[in-house]
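Step one of this worksheet: look at the structure below.
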Amino acid sequence: MSGTPLHTHRPDASRTLLAGTCQVDLDLTRPVPPEVESIPLAAGLERAVPRRQMQFRAGRYCAMRALAALDPRFGRSPIDRATTGAPVWPEGVTGSITHTDDYASAAVAWTAHTVSLGIDTERVMSTPQAQDVGSLLASAAELRHCDAAGLSSLEAFTFVFSAKESVFKCLHPLVGRMFEFDDVRVFGVDAAAKAFHVRIVKDLSEAFPSGTLLEGRFAVDRGRVHTGISLGTPWQS
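To convert, take the position in the sequence shown, counting from 1, and add 126; that gives the working numbering.
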């Protein structure tokens, strides 16, 4: 989308995570295209700074494009926002939206095949950020798994945080409650396969008891860490 503040991300790192995705780079030095500026803001964002409004609209823009790719009948239907802040997807669809200061992405899927999904993108943390919050985000064991996969220390802290964000986005609609970062553990990080595993270590619900294992995908690209988790329909039983 040359000439606009939205640029399709190449290479499409997050496209390797899940099917049915859309992702864009953000550039506030360029005019906002009408198809993005016309997207309604959620309540409470009318007075937000332009960058925050752009991030929200870019995420919704990605979601609408992903939905249209899934089924053209969805067209440019607006995506409502629940009281929790989560997107309200059309019936029969699950999805997830993520954004950083300069990037936005969305992924959608039919619930007939995917009961839930979650994606997250983060800028690789700075050293001060990692020193400030790193110990709250990742255990020594989780960091060892990341080190074995060849991630730098800053990439490792960022990756564990992002992976758990994706898990939360994926599971929260299914368990119906908040849960903590230390309720799940990241392990089995495989850089070659761009895959990782998560073990639930505290009962979240009857369907997701302690010991449940999940598998996700990840990519590190252009100073960003992308993660994604999707659950197939067997989780409905």
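Where is the CB? At the ideal position from N, CA and C, for every residue including glycine.
Backbone CA spacing between residue i and residue j [nearest angstrom]
i, j, result
"D206", "K295", "17 Å"
"L297", "G201", "28 Å"
"D197", "E217", "12 Å"
"V241", "T220", "7 Å"
"T226", "H352", "11 Å"
"M190", "L167", "14 Å"
"S336", "L330", "7 Å"
Residue i - DSSP class collapsed to helix/strand/coil
i, result
"T253", "helix"
"D228", "coil"
"V234", "strand"
"L152", "strand"
"V158", "coil"
"G211", "coil"
"L277", "coil"
"S265", "coil"
Under 7 Å between C-beta atoms of residue i and residue j
i, j, result
"A232", "A184", "no"
"E306", "H323", "no"
"Q179", "L171", "yes"
"F313", "I326", "no"
"I245", "S292", "yes"
Any chain D beta carbon closer than 7 Å to residue i
i, result
"S242", "Considering every chain present, this structure includes no chain D. It has just one protein chain."
Inset, instruction - Identify every run of the beta strand (DSSP E) within the segment 283 to 362, keeping only runs that are complete inside it and at least 3 residues long; order them along the chain. - result: Fully contained in the segment 283 to 362 are the following beta strand (DSSP E) runs of length 3 or more, in chain order: 310 to 316, 321 to 326, 339 to 347, 350 to 358.
Inset, instruction - Identify every run of the alpha helix (DSSP H) within the segment 167 to 209, keeping only runs that are complete inside it and at least 4 residues long; order them along the chain. - result: For the segment 167 to 209, whole alpha helix (DSSP H) runs of length 4 or above, ordered along the chain, are 176 to 196.
Legend entry - Cβ contact (3+ pairs, closer than 8 Å) linking the segment 314 to 322 and the segment 251 to 261: Short answer: they don't touch.
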